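What follows is a single structure, written as structure tokens, with notes after it.
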Amino acid sequence: MRTNSFAIAATRLLLAALILNAAAWGADRQVGTWTLNVAKSKYSPGPAPKSGTLKIEAQENGLKVTLDGIDAEGKATHVEFAPKYDGKDYPATGLPNADTISLSRIDTNTIEALAKKEGKVVMTTRSVVSKDGKTRTTTQTGKNPMGQDVNNTVVYDKQ
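When we follow this note's numbering, the leftmost residue of the sequence shown carries the number 336, and every step to the right adds one.
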């Protein structure tokens, strides 16, 4: 009888843990509207954009990403893509040196995207949402359209 009660209790705990884990993966922490924090961001090479609003929406097995901003020269920018978490290439618009994006989930707080031009990786982007969910820090490494090395740390605050 004790063994049976223990087995039932252990099974319930295991199921509860699985349900909580599934719920954590189901609520994508990247989703939301994020505002560029220019003061906390570092752009190499610069100059930094003047502003940016990043809107991330959940889609089946992936994200829809829209970035609207004002570049360093005061021109409006618009970037859009909708990749799935499957590592495959999906079309991207508004990126000066990339035509596709692939997306992978690293863990509940972290994603990695590869920007490609004609199949060749030009930029690797890793985005991490803070534990409190208020900050999203993105590191970008690769080449810009002029062929210069890029090493950016871009910080966004959740709206």
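Just so you know, even glycine gets a beta-carbon here, dropped at the ideal spot from N, CA and C.
Predicted model, so just to flag it, every value in this text is computed and none were measured.
Residues in the same chain with beta-carbon distance under 6 Å from residue i, minus the five sequence neighbours each way, listed in chain order, please.
{"i": "Thr472", "result": "Val463, Val490"}
{"i": "Thr368", "result": "Lys390, Gln494"}
{"i": "Ser439", "result": "Gly422, Glu447"}
{"i": "Val373", "result": "Ala383"}
In whole angstroms, what is the alpha-carbon distance linking residue i and residue j?
{"i": "Thr412", "j": "Leu389", "result": "12 Å"}
{"i": "Lys377", "j": "Thr460", "result": "14 Å"}
{"i": "Lys385", "j": "Gly454", "result": "30 Å"}
{"i": "Thr443", "j": "Asp467", "result": "13 Å"}
For residue i, which residues from the same chain have a beta carbon less than 7 Å from its beta carbon, with the 5 sequence-adjacent residues on both sides left out?
{"i": "Thr370", "result": "Thr388, Tyr491, Asp492, Gln494"}
Give the C-beta separation of residue i and residue j to the nearest angstrom, bearing in mind that I take them to be a contact with Cβ-Cβ under 8 Å.
{"i": "Lys452", "j": "Asp424", "result": "With 8 Å as the limit, Lys452 and Asp424 do not qualify as a contact, their Cβ atoms being about 11 Å apart."}
Return helix, strand or coil for residue i, following the three-state DSSP convention.
{"i": "Ala393", "result": "strand"}
{"i": "Val373", "result": "helix"}
{"i": "Lys469", "result": "coil"}
{"i": "Lys410", "result": "coil"}
{"i": "Val489", "result": "strand"}
{"i": "Pro431", "result": "coil"}
Spatial neighbours of residue i within its chain, please: C-beta separation below 8 Å, excluding the five flanking residues on both sides.
{"i": "Gln365", "result": "Ile391, Leu398, Ile446, Ser462, Val464, Arg471"}
Under 8 Å, with one C-beta from each stretch per pair, do the segment 418-431 and the segment 389-399 reach the 3-pair mark?
yes
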